[in-house]
Structure formats: C-alpha cells, structure tokens
Amino acid sequence: MTRTLCLAQDSDADALLSSDPFALLCGMLLDQQVPMEKAFKGPRDIAERMGGFDVRRIAEADPDEFAALASRTPAIHRFPGSMAKRLQALAHHLIEHYDGRTEEIWTRDEPDGATVLTRLTALPGFGEQKARIFLALLGKQRDVRPTGWREAAGAYGEEGSRRSVADVVDAASLGEVRATKQAAKKAAKGGS
Numbered sequence: 001m002t003r004t005l006c007l008a009q010d011s012d013a014d015a016l017l018s019s020d021p022f023a024l025l026c027g028m029l030l031d032q033q034v035p036m037e038k039a040f041k042g043p044r045d046i047a048e049r050m051g052g053f054d055v056r057r058i059a060e061a062d063p064d065e066f067a068a069l070a071s072r073t074p075a076i077h078r079f080p081g082s083m084a085k086r087l088q089a090l091a092h093h094l095i096e097h098y099d100g101r102t103e104e105i106w107t108r109d110e111p112d113g114a115t116v117l118t119r120l121t122a123l124p125g126f127g128e129q130k131a132r133i134f135l136a137l138l139g140k141q142r143d144v145r146p147t148g149w150r151e152a153a154g155a156y157g158e159e160g161s162r163r164s165v166a167d168v169v170d171a172a173s174l175g176e177v178r179a180t181k182q183a184a185k186k187a188a189k190g191g192s
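Numbering follows UniProt numbering, in which position 159 of the sequence shown is assigned residue number 159; successive positions increment by one, without gaps.
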C-alpha cells in the first residue's frame, strides 16, 4: 500500500495527488520557479475551478478559458498562462500516446526503469532532470519500481537521499531537501 503523499503540505491537495497519477504528473510539471508546495497544489486548484480533474477535459478546454482559469487568484503558478499551455500539451500527449491513462507510462508492456525514464523525458515540459526526479518519486513513494529504476533515476533514486521532491514525506523532510538544495547552490557559487 502506498502512503498518502505530503508534497503540497495540504491534505486535500495531497489526497488528489495520491489518488490521481495525472494530477501528480501535472504537479511535477508545475514544479519550477515556484515553491514545491505551490506547484503541487496546482492540480487541486484546477480541480476546484473545473469541478474535477480530468485529462480529457483539460485537453479539450478552450486554451484562452483554461489560461484564465489558471490565472484566477490565487494563480496556479507564477506564470499561469504559459503553464496552462504546458498542462494542455501534456494532456494532449497523454491522450495521443497513452489513451489518457497516465499510469501506462510506467505499466505498458512492463517497462524497465530506463524505458520509463525515456517515456517521461518525452513528455512536454519534462527534461531529463525532471524525468529522473519523477521516476524517483514513483519508486520511493508510489511503489512503482520497474527493474533498474534507481539506476535510471540516478542520484535522485538513492535511498536515504534528501535531494528532491521524491524525498519529501513530511514537513521535516521538506526542510532537509531545502537545506540540501541551498547547500548545493552555495557550493556552485563557490561559497563555503
């Protein structure tokens, strides 16, 4: 049994992320240039405004209306218009390649970790790093563990690490992940 996620640090938002793979994937897409909690609350905010969270409804929504919905206060992201476009592109991709069933990314034809990583990297808005983090999240917190998933996820798949959203299970681990990221930024700038 997989645990309830604690990424948005909000029980309703985390319940949606825990029960809906598309919502979780969208939260990961939104996780850039905003605090992690804000990103992962985005799917819940969309669900409240649309009366549900559905890949086909998002894909088929009028782009201007969906952008307006995403921009409504509180906006789902710092850049709600561009993120609305990315979310719709992701929904279109999932419908075209997986008949709208997000979980097929990691279940279709019993893929190994490298194949899941390749599929994630092919998603609109997902580069290699985001794909590795999401693969680690699936393995560490959703019990999705295809052969070789840790290797495919790279350092993000390491047991006991505190590098990314994949390692956030409560408020304390969120603080640890933030401290690790701050130390890495400081080191990259040449600080000590």
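Think of the CB as a built atom: it goes at the ideal place given N, C-alpha and C, for glycine as much as any other residue.
Just curious, the alpha helix (DSSP H) that residue i is in, first and last residue?
i: residue 7; result: Premise fails: residue 7 is in no alpha helix (DSSP H) and is neither H nor E.
i: residue 161; result: First-last for residue 161: undefined, no H or E at that position.
i: residue 138; result: 128 to 141
i: residue 37; result: 36 to 50
i: residue 180; result: 171 to 188
Looking at chain C, is there any beta carbon in it that lies within less than 7 angstroms of the beta carbon of residue i?
i: residue 11; result: Among the protein chains of the structure shown there is no chain C, as only one such chain exists.
Around the C-beta of residue i, are 16 or more other C-beta atoms found within 10 angstroms, so that it is buried, or is it exposed?
i: residue 141; result: buried
i: residue 139; result: buried
i: residue 51; result: exposed
i: residue 63; result: exposed
i: residue 160; result: exposed
i: residue 56; result: exposed
i: residue 74; result: exposed
i: residue 190; result: exposed
i: residue 4; result: exposed
i: residue 72; result: exposed
Throw me the rounded Cβ distance for the residue i and residue j pair, which I believe falls under 8 angstroms.
i: residue 165; j: residue 137; result: 6 angstroms
Counting Cβ pairs closer than 8 angstroms, one from the region 9 to 26 and one from the region 37 to 55, do we hit at least three? The region 9 to 26, when compared against the region 37 to 55, does touch it at the 8 angstroms Cβ threshold.
Would the region 16 to 24 and the region 43 to 61 be scored as touching if the rule is three or more Cβ pairs under 8 angstroms? With a cut-off of 8 angstroms, the region 43 to 61 and the region 16 to 24 count as touching, because enough Cβ pairs lie within range.
Enumerated in chain order, which unbroken segments of the alpha helix (DSSP H) with a length of 4 residues or greater are wholly contained in the region 49 to 130? Taking only runs of at least 4 residues, the alpha helix (DSSP H) segments lying wholly in the region 49 to 130 are 55 to 60, 63 to 71, 80 to 98, 104 to 107 and 113 to 121.
Decide if the region 147 to 155 is in contact with the region 120 to 136; the criterion is three or more beta carbon pairs, one per stretch, under 8 angstroms apart. Contact annotation: the region 147 to 155 touches the region 120 to 136, with at least three C-beta pairs closer than 8 angstroms.
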